[in-house]
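Student: Take the sequence shown: its position 71, counted from the start at 1, is 95 in the numbering used here, and no numbers get skipped.
For each residue, glycine too, the CB sits at the ideal point set by N, CA and C.
I am attaching a structure below and will ask some questions about it afterwards.
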Amino acid sequence: MIKSYPISFFTRDDSKVIVDKLSENEYFFTIKRENGEKDTLTWRTVPGEIRKSTSPDEKIAPHQQQALNAFWELYEY
25 MIKSYPISFF TRDDSKVIVD KLSENEYFFT IKRENGEKDT LTWRTVPGEI
75 RKSTSPDEKI APHQQQALNA FWELYEY
């Protein structure tokens, strides 16, 4: 379980990810890819379900999905 924010970690593709908690069910991801590209993602969750988005039709790029997967593992640990 994560006790304080922001947190940072690396994904399997060596992207650096910084996650900040904006509200009870909203997280802001900054993803810095190995090639220098920077990307952001706001993840709004269904209350009590960290893996479910309030926008299920939102397009998630593969590198964003890797960041989410790594975050979920840390969150649930």
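#1: Taking the alpha helix (DSSP H) that Y99 belongs to, which residues open and close that run?
#2: Please check the pair T69 and F53, which I expect to be a contact at CB under 8 Å, by giving their CB distance rounded to whole angstroms.
#3: Under 8 Å between the Cβ atoms of K45 and S32?
#4: Does the separation of the CB atoms of D38 and E61 fall below 8 Å?
#5: Which two residues bound the contiguous beta strand (DSSP E) that contains T64?
Tutor: Working from what's here:
#1: 86-100
#2: So it is not a contact: roughly 13 Å between Cβ atoms.
#3: no
#4: no
#5: 62-70
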